[in-house]
Structure formats: C-alpha cells, structure tokens
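A.B. asks: For reference, the structure I am asking about is given below.
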Amino acid sequence: MKNKTRWLSRITLVGAVATALVATACSKESSDPTKDDKAPPGTLAVAEAARADSPLDATPDPQGENVYYIAFNTMADEDGLATVRVPAIFKVSAAGGPSVKLHEGAPLVSPSSISISDDGQTLFIADGAAESAPGEDDGSLFSMGIGGGAPTALSGTQGYQPRGIEVMGDTVWFTGKKDGKAALFKSGLGGGQVSEVASGALFTDPSGVAVTKKGVAYVVDSGGAASAQGGASVIKVEAGVAEVVMEGLGVGHPAGAALTADESTLLVSGLDVGRGTDVVYKIELASKNMSSITDVIGDFRESAGLHRARGKNVFAWADSNANGTGTVYKLEL
1 MKNKTRWLSR ITLVGAVATA LVATACSKES SDPTKDDKAP PGTLAVAEAA
51 RADSPLDATP DPQGENVYYI AFNTMADEDG LATVRVPAIF KVSAAGGPSV
101 KLHEGAPLVS PSSISISDDG QTLFIADGAA ESAPGEDDGS LFSMGIGGGA
151 PTALSGTQGY QPRGIEVMGD TVWFTGKKDG KAALFKSGLG GGQVSEVASG
201 ALFTDPSGVA VTKKGVAYVV DSGGAASAQG GASVIKVEAG VAEVVMEGLG
251 VGHPAGAALT ADESTLLVSG LDVGRGTDVV YKIELASKNM SSITDVIGDF
301 RESAGLHRAR GKNVFAWADS NANGTGTVYK LEL
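The letter at position 228 of the sequence shown is residue 228 when you use our numbering, and the numbering goes up by one with no holes.
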C-alpha cells in the first residue's frame with residue numbers, strides 16, 4: 001500500500017465464550033517482496049475468546065454486530081450408541097460471548113462458504129457435496145433464516161458443486177463446477193435460473209468470490225492454471241470478461257475474498273508461500289500493490305473464509321485450526 005498514513009486495524013476473536021484476554025501489539029503488515037510498499041505498520045488491538053471446531057467460513061451481518069459461521073458439532077448417531085461429527089451453522093456476537101447453534105447435520109454435508117442477504121435476514125450456504133438428487137452428491141446452494149431451522153435447497157442450483165458464495169443485492173454469486181467445467185455463476189435470491197458469468201482456461205479451482213455494487217467480481221482460483229508462478233490467482237470478471245489481476249498467492253481451504261467498503265482494496269485469506277503460515281493479503285486494485293497482515297494470525301496454518309459486513313469495514317475471518325481447534329476472528333480496518 002503506497003501511502004504514509006497509518007492503518008488502524010483491530011482483530012477480535014469471536015467464539016463460544018465471553019472475552020478472556022485483551023492485548024495490544026504492533027501489526028506485522030508487510031509488503032510483498034515483489035512490490036514497492038512504503039506503508040508503515042499499523043497497530044492491532046486483540047481480544048481473545050473461545051474457539052470453534054474447525055470453522056471454514058464466516059460472515060458478519062450487514063451492521064457488523066453478529067457473525068455467522070460454518071463449523072462442526074458432535075452429536076449422537078441415529079442409534080444413540082456413538083457420536084458423529086457433523087457440519088453446523090452458528091451465530092455469535094461480534095463482541096464475543098456464547099455461540100448459538102442454528103442448525104446441524106443434514107441436508108448439509110460439506111458446506112464451505114456462507115453469506116448473508118442485504119437485509120440481514122437470510123443466510124446462503126454453498127455445499128459442494130450435498131445431495132442434489134437421489135443418489136447424486138454434486139452439491140447445492142441452501143438458504144435459511146437467521147433464526148435457525150433446516151436449510152432449504154435453492155432451486156436450480158443443484159449439481160453445480162458450489163464452493164464460494166457472495167450475496168449482492170438481489171443476486172447470489174457463486175463459484176463451482178458444472179459438468180466438469182469450472183466457472184463463476186449467479187442466480188436470484190429465490191433460486192430459479194442459473195447463469196454462467198465466466199469460465200474458460202483461467203478457471204481451474206475457483207473458490208472465494210467478492211462482488212462490487214456494479215457487478216464486477218473478483219474470484220480466487222487456487223488451481224494455479226492462470227499463474228506462471230504457480231499458486232493461486234485473483235481473477236477479475238467484468239461484463240463476462242475475465243483477466244488475472246494477481247497471481248502466485250498461497251491460499252488455504254476454502255480461499256476467502258472480500259472488498260473494502262469503498263471497493264478500492266481486495267482482501268484475500270491466504271498462506272505465506274515460504275512459511276505456510278496465515279496471512280491476509282491486501283491488494284490495491286488500482287495500483288496492483290499488495291501488502292500483508294500477519295500479526296497474531298501469522299502463527300496459524302489453516303487460513304479459511306473471509307467476508308465483509310455490508311455497511312462498514314468489519315470482516316469475519318476463519319482459521320480451521322487456530323489455537324488447536326479453530327477460531328473465528330473479527331477484523332476491523
């Protein structure tokens with residue numbers, strides 16, 4: 001980032017128990033070695049709460065007051081003789097406190113991404129292995145109210161092996177594969193017709209997606225087909241035309257992406273290509289300059305999903321194994 005102002009960043013750990021520890025530290029916001037980045041480090045205020053079981057993705061509500069996340073829960077099996085580990089959807093206050101389980105188990109099988117409607121009332125979930133038809137397990141999108149209850153398959157989205165998801169206005173954008181072809185797709189909030197937005201040689205293993213108000217999408221593709229350096233690439237899609245804007249990134253599973261409120265900067269949930277530890281990349285879209293946030297999260301190794309609250313620079317970010325079990329963070333810029 002090429003400016004001499006100081007970014008004030010706050011990362012707040014959110015989970016199932018009230019806040020237990022507060023500390024402050026200098027931010028290790030370092031530049032990519034290939035970029036000319038003269039920004040000074042910022043500062044972080046860190047508050048720690050309890051952990052979740054292998055969280056994969058998290059999204060704040062539009063006001064940044066609550067966080068909804070995908071993790072796992074242990075429940076009794078059908079016979080009541082043993083326990084099974086199943087995916088579940090949780091809600092927690094962004095300020096910390098106890099988590100509330102909204103749903104567990106079927107029809108979810110392998111959910112990887114979660115987003116929320118602009119009015120904050122409906123959650124949308126991408127599950128790439130859910131049953132799409134009897135005997136078929138190639139996935140579906142689901143919707144559910146924020147109050148809980150069983151998710152409902154979004155009509156028309158069955159069979160797309162969805163990976164990443166983002167809701168913008170009246171449109172659900174998602175990445176996935178149809179008939180073996182990787183692509184970016186979109187549909188309405190109520191489902192129905194699915195449209196292919198972009199596909200082709202640049203798309204191999206698309207995951208996280210972020211979308212501007214004007215419908216310009218940024219997709220993180222971890223397949224490396226578009227990158228001469230190997231690693232993941234960030235693909236910009238505008239009016240159906242795809243181009244690579246950044247390449248050679250290390251990313252986790254699932255790879256997350258989110259735009260800042262002014263849509264000038266893209267944050268990507270990633271991994272340091274040398275150390276294999278967590279980073280959040282900050283990519284200035286106009287200049288293509290990139291810097292990294294590593295403090296606190298730089299000791300972890302399972303970087304996962306990332307989303308922003310609609311109205312402010314409040315983000316929810318997950319690491320599937322942080323602190324031994326997995327952790328959901330709130331990140332403020």
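Even for Gly, the Cβ is constructed at its ideal location relative to N, Cα and C.
1. With distance defined between alpha-carbon atoms, name the residue in 258, 183 and 245 nearest to residue 312.
2. Taking the alpha carbon of residue 90 as the point to measure from, which residue in 77, 118 and 61 has its own alpha carbon closest?
3. For residue 196, which residues from the same chain have a beta carbon less than 8 Å from its beta carbon, with the 5 sequence-adjacent residues on both sides left out?
4. DSSP three-state label for residue 298, please.
5. Have a look at residue 101 and residue 215 and give me their C-alpha separation to the nearest angstrom.
6. Would you identify the three-state DSSP class for residue 198, choosing helix, strand or coil?
7. Roughly how far, in whole angstroms, is the beta-carbon of residue 142 from the beta-carbon of residue 107, given that I think they are within contact range, below 8 Å?
8. Tell me whether the stretch 194-210 and the stretch 162-179 touch, counting them as touching only if at least three CB pairs, one residue from each stretch, are closer than 8 Å.
9. Tell me, which residues are paired with residue 60 by DSSP?
10. In this structure, what does DSSP give as the bridge partners for residue 206?
11. At which residues does the beta strand (DSSP E) containing residue 162 begin and terminate?
12. For residue 327, which beta-bridge partners are listed by DSSP?
13. Secondary structure at residue 273, three-state DSSP: helix, strand or coil?
C.D. replies: Working from what's here:
1. Taking the sequence shown and counting its residues from 1, the one referred to as residue 312 is at position 312. For residue 312, the nearest C-alpha among the options comes from 258.
2. Translated into the one-based positions of the sequence shown, residue 90 becomes position 90. Among 77, 118 and 61, the Cα nearest to that of residue 90 is on 61.
3. By one-based count along the sequence shown, residue 196 stands at place 196. Within the same chain, residue 196 has close Cβ partners 178, 183, 184 and 185.
4. Position 298 of the sequence shown, counted from the start, is the residue given in the question as residue 298. Three-state result, residue 298: helix.
5. Taking the sequence shown and counting its residues from 1, one reaches residue 101 at position 101. Taking the sequence shown and counting its residues from 1, one reaches residue 215 at position 215. Near 33 Å, if we compare the C-alpha coordinates of residue 215 and residue 101.
6. The residue labelled residue 198 in the question sits at position 198 within the sequence shown. Here residue 198 sits in strand by DSSP.
7. Here residue 142 is taken as the residue at index 142 of the sequence shown, counted from 1. Here residue 107 is taken as the residue at index 107 of the sequence shown, counted from 1. With a Cβ gap of about 7 Å, residue 142 and residue 107 count as contacting.
8. yes
9. Looking up residue 60 in the sequence shown gives position 60. Note: residue 60 sits in a beta bridge opposite 67.
10. For the purposes of this step, residue 206 is identified with residue 206 of the sequence shown, where counting begins at 1. Bridge partners of residue 206: 221.
11. For this step, residue 162 is matched to residue 162 along the sequence shown. No beta strand (DSSP E) contains residue 162, which DSSP labels as neither H nor E.
12. Taking the first residue of the sequence shown as 1, we reach residue 327 at position 327. DSSP output for residue 327 lists 319 as bridge partner(s).
13. As a position in the sequence shown, residue 273 is number 273, starting the count at 1. Three-state result, residue 273: coil.
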